[in-house]
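Participant: Each residue of the sequence shown is one higher than the last, beginning at 1 in full-length UniProt numbering. Each residue gets a CB set at the ideal place from its N, CA and C atoms; glycine is no exception. Only a predicted model underlies this, so the values are computations on that prediction, with no experimental measurement involved.
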Amino acid sequence: MLILNINFPLKKQDIYGKYINKNFDNSVCCVEAPHMADTLTLYENKTFESHFYGVGTYKLYNGINPEIELYYKDFDQSAVYKTYFSNEVFENPKIMLNADLNHYYEKLNNNEEWIKKQ
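#1: Would you kindly work out how many angstroms separate the C-alpha atoms of Ser-86 and Asp-76, rounded to a whole number?
#2: My understanding is that Lys-107 touches Tyr-19, with C-beta atoms under 8 Å, so please give their C-beta distance in whole angstroms.
#3: Kindly indicate which residue of Pro-34, Glu-69, Tyr-43, Tyr-105 has the alpha-carbon position closest to the one of Ile-95.
#4: From the DSSP output, read off the bridge partner residues of Val-49.
#5: Could you check how far apart the C-beta atoms of Asn-98 and Cys-30 are, in whole angstroms? I think they sit under 8 Å.
#6: Count the other CB atoms, across all protein chains shown, that sit within 10 Å of the CB of residue 183; report buried if there are 16 or more and exposed otherwise.
#7: Quick one: residues in its chain with C-beta nearer than 6 Å to the C-beta of Val-55, no 5 flanking neighbours on either side, listed in chain order?
#8: Go ahead and pull the three-state DSSP assignment for Lys-12.
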């Protein structure tokens, strides 16, 4: 039972792709996270696209607890959002936005067409 709640390291190819915002209709907890329908696409070239965050770059820290930093513009100012991945058995990888409210981006399966930016 314990093994089902462990976060497993992600391979780089498991990180790239398209993520869908889930449980965003909970009470607004922070202005840095989208509280609307949103799609986040992470490309191999360390760039991303999102309706909420716009176009930006990201850094990965893929150790025992994989982390991600999103770099983007907010009101023409540089901004960064730091968070982590959840990768539990029998679940798609998630980028956690607020664990207490179960707010996250969930990776879509079979989205290889989104991996490489043209």
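Facilitator: Per the coordinate set shown:
#1: 31 Å
#2: 5 Å
#3: Tyr-105
#4: This sequence places Glu at residue 49; Val is not what is there. Note: Glu-49 sits in a beta bridge opposite Thr-41, Val-55.
#5: 7 Å
#6: As shown, the chain starts at 1 and ends at 118. That puts residue 183 outside it, with no answer to give.
#7: Glu-49
#8: helix
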